[in-house]
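Here is the structure we will look at, set down as structure tokens.
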Amino acid sequence: MIIKIIGAFLTLFLAVSAQARDYAFSVIDTDGEPIANALVMLDGEFSGEASEQHAIMDQIDQAFVPRVLAVTKDTVVDFPNSDDIRHHVYSFSPAKTFELKLYEKKPDNPITFDEPGIVVLGCNIHDQMIGYIAVSDTPHYALTDDQGRATISAPDTQSARVWHESMAVNQHKVKRLTLTDTNERGEYVLTVANQATTFPQPSEQEAPGFNNQRFQQYGD
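To get the numbering used here, take the position in the sequence shown, counting from 1, and add 281.
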């Protein structure tokens with residue numbers, strides 16, 4: 282009886298494993314140049330729950346490091362300050378509105394990102410500091426490398442979503458694409474419009490939740 286049960290579980294495991302495959306992506310702009318730090322997410326009904334994750338968004342030389350941090354929903358993120366000056370980190374994004382007032386070293390409490398979306402980070406002291414935390418609603422996601430490439434292992438799916446900070450003024454918008462043909466390298470090619478983006482800094486009169494498109498949650 283035990284052998285039969287083990288055999289049944291093994292058969293189920295192999296069947297589920299067989300459904301997974303590697304999806305290779307190449308993200309380029311309209312000039313054919315590779316785009317780094319683009320978020321690619323696979324669509325689909327994926328079983329299982331992601332385990333609790335912990336990530337770090339550092340501040341080095343008055344810049345967020347990494348500039349783009351991709352995490353799954355419910356990830357806990359620390360915001361250490363590796364500079365020898367104080368920073369005041371905040372976000373007005375609907376996916377996560379928060380504020381870490383002037384501090385050195387490391388805040389006592391991390392921030393939990395419990396809603397999917399694009400969270401735009403700023404520093405109230407250093408206006409040039411812009412960073413992004415991309416909170417994925419699926420465990421099957423990846424950021425592209427310097428060559429604009431990413432590989433994701435997942436069960437069968439027919440579509441993907443892509444986001445990059447330079448897509449458009451509506452930075453929160455995620456582009457959904459149907460996966461059809463691949464190139465000679467076996468990659469699905471995703472093209473992102475290379476539109477320049479210049480955003481005003483939020484003023485003191487702008488409260489959390491204001492209608493600055495830079496800080497909005499991603500949509501369809």
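Don't be surprised by glycine CBs; every beta carbon is placed ideally from N, CA and C.
How should residue i be labelled, buried or exposed, when 16 other C-beta atoms within 10 angstroms of its C-beta is the threshold for buried?
i	result
I392	buried
K377	buried
T356	buried
E446	buried
G467	exposed
V450	Because V450 carries a pLDDT of 48, less than 50, the predicted location of this residue cannot be relied on, and the following value inherits that uncertainty. Under this definition V450 is an exposed residue.
S363	exposed
G313	exposed
F373	buried
M448	buried
Beta-carbon within less than 6 Å of residue i's beta-carbon, same chain only, minus the 5 sequence neighbours each way: which residues are those?
i	result
K502	Since the first and last residues shown for the chain are 282 and 501, residue 502 lies out of range.
T425	V308, A317, A319, A431
G412	F345, R348, L402
Leaving out five residues before and five after residue i in sequence, what residues of the same chain have Cβ atoms less than 8 Å from its Cβ?
i	result
K354	A331, F394, D395, E396, P397, V416, S417, D418
Y371	F379, E380, L381, L402, G403, C404, N405
L460	Y304, T438, Q439, S440, A441, Y469
S434	A301, R302, D303, Y304, H421
P315	S307, V308, I309, T425, D427, Q428, G429, R430
Residues in its own chain within less than 7 Å of residue i by CB, not counting five upstream and five downstream?
i	result
A344	M410
T463	Y469
I341	S363, D364
A351	L320, A415, S417, Y422, L424
How about residue i and residue j: are their beta carbons less than 9 Å apart?
i	j	result
D365	H335	no
W444	I414	no
P436	A301	yes
Rounded to whole angstroms, how far is the Cβ of residue i from the Cβ of residue j, which I believe are closer than 8 Å?
i	j	result
M338	Y422	Contact flag wrong, Cβ pair sits at about 17 Å.
R442	D303	The Cβ separation is near 18 Å, so there is no contact.
Y384	H368	7 Å
I'd like the span of the beta strand (DSSP E) that includes residue i, first residue to last.
i	result
E465	Run containing E465: none; DSSP gives neither H nor E here.
L460	Neither: L460 is in no beta strand (DSSP E) and is coded neither H nor E.
D418	Where D418 is concerned, there is no enclosing beta strand (DSSP E), given that its DSSP letter is neither H nor E.
H445	Run containing H445: none; DSSP gives neither H nor E here.
E257	For the chain, the structure presents residues 282 to 501; residue 257 sits outside this window and is missing.
A344	First-last for A344: undefined, no H or E at that position.
A435	430-435
A305	302-310
T393	392-394
Compare the C-beta of residue i with all C-beta atoms of chain D and state if any pair is closer than 9 Å.
i	result
Q439	Within the model displayed, chain D is absent; a lone protein chain is all it includes.
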